[in-house]
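Residue 1 is where the sequence shown starts when you use the UniProt record's numbering, and the numbers rise one by one after that.
Glycine included, C-beta positions come from ideal geometry on N, C-alpha and C.
Every value quoted in this text rests on a predicted model; they were computed, and no experiment measured them.
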Amino acid sequence: MVLFPVANKAELQAGVEYADLVEWSRDLILRRLKEAGVDLEGKIEVEAVTDPDAWESEYNLQNGAAFGLAHGLDQLGWFRPRNKDESRCGVYYVGASTHPGNGVPLVFKSARLVCERILEDLGPSANEM
1 MVLFPVANKA
11 ELQAGVEYAD
21 LVEWSRDLIL
31 RRLKEAGVDL
41 EGKIEVEAVT
51 DPDAWESEYN
61 LQNGAAFGLA
71 HGLDQLGWFR
81 PRNKDESRCG
91 VYYVGASTHP
101 GNGVPLVFKS
111 ARLVCERILE
121 DLGPSANEM
């Protein structure tokens, strides 16, 4: 598996297409691997590409931004949206765009925090579940 980060659709330069970036980055990666002594060009049997267009259409992620909200100061740490929706009873959020943030470890932590909040809201009998 190779991960080659690219800008989301809102940040992509005008006139640049993801298909062109995929072709360019694939060639670059294979060339660099070959220079390092790993020639994979003729050995690839299955190849799948997921670009921001796919993230947007398949997962409804705004602008194909796979890693959640922007990292401006107003979206860091405690400023991220809370896990519990205070205006809707029984609605909780988990994922990269909620507190504590993005990245696999933080998304798992977000899931744990939501579970703890749900158990807390359900009361003492919930701990017996």
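**Report entry** Collapsed DSSP secondary structure at Y18 in the structure displayed
**Finding:** Helix.
Query raised in the report: Does the Cβ of G77 have 16 or more other Cβ atoms within 10 Å, making it buried, or fewer, making it exposed?
Result: G77 comes out exposed.
Requested in this report: Use the C-beta contact count for P52: other C-beta atoms within 10 angstroms, 16 or more gives buried, fewer gives exposed.
Outcome: Buried.
Query raised in the report: Under 9 Å, do V114 and A96 count as touching if we go by C-beta distance?
Result: Taking 9 Å as the Cβ cut-off, V114 and A96 do not qualify as a contacting pair.
Query raised in the report: Given 8 Å as the limit, is there contact between the region 81-96 and the region 29-49, that is, 3 or more CB pairs closer than that?
Result: By the Cβ rule, the region 81-96 does not count as touching the region 29-49, because fewer than three pairs are nearer than 8 Å.
Requested in this report: Please report how far the alpha carbon of S25 lies from the alpha carbon of N60, in whole angstroms.
Outcome: Going by the C-alpha atoms only, they are around 25 Å apart.
Query raised in the report: Using CA coordinates, which residue listed in W55, E41, S110 and L119 is at the minimum distance from A7?
Result: Measuring C-alpha to C-alpha distances from A7 to each of W55, E41, S110 and L119 identifies W55 as the nearest.
Query raised in the report: Measuring CB to CB, does S110 end up less than 9 Å from P100?
Result: Taking 9 Å as the cut-off, the Cβ atoms of S110 and P100 count as close.
Query raised in the report: So residue 165 is in the alpha helix (DSSP H); what residue range does that whole segment cover?
Result: The structure shown has nothing for residue 165, since the chain only spans 1 to 129.
Query raised in the report: Among the residues of its own chain, which have a CB less than 7 Å from the CB of R117, if the five just before and after it don't count?
Result: Excluding the 5 residues flanking it on each side, R117 has same chain C-beta neighbours closer than 7 Å at N83, K84 and Y92, in chain order.
Query raised in the report: What is the residue span of the alpha helix (DSSP H) that P52 lies within?
Result: Looking at the DSSP string, the run of the alpha helix (DSSP H) that includes P52 is P52 to Y59.
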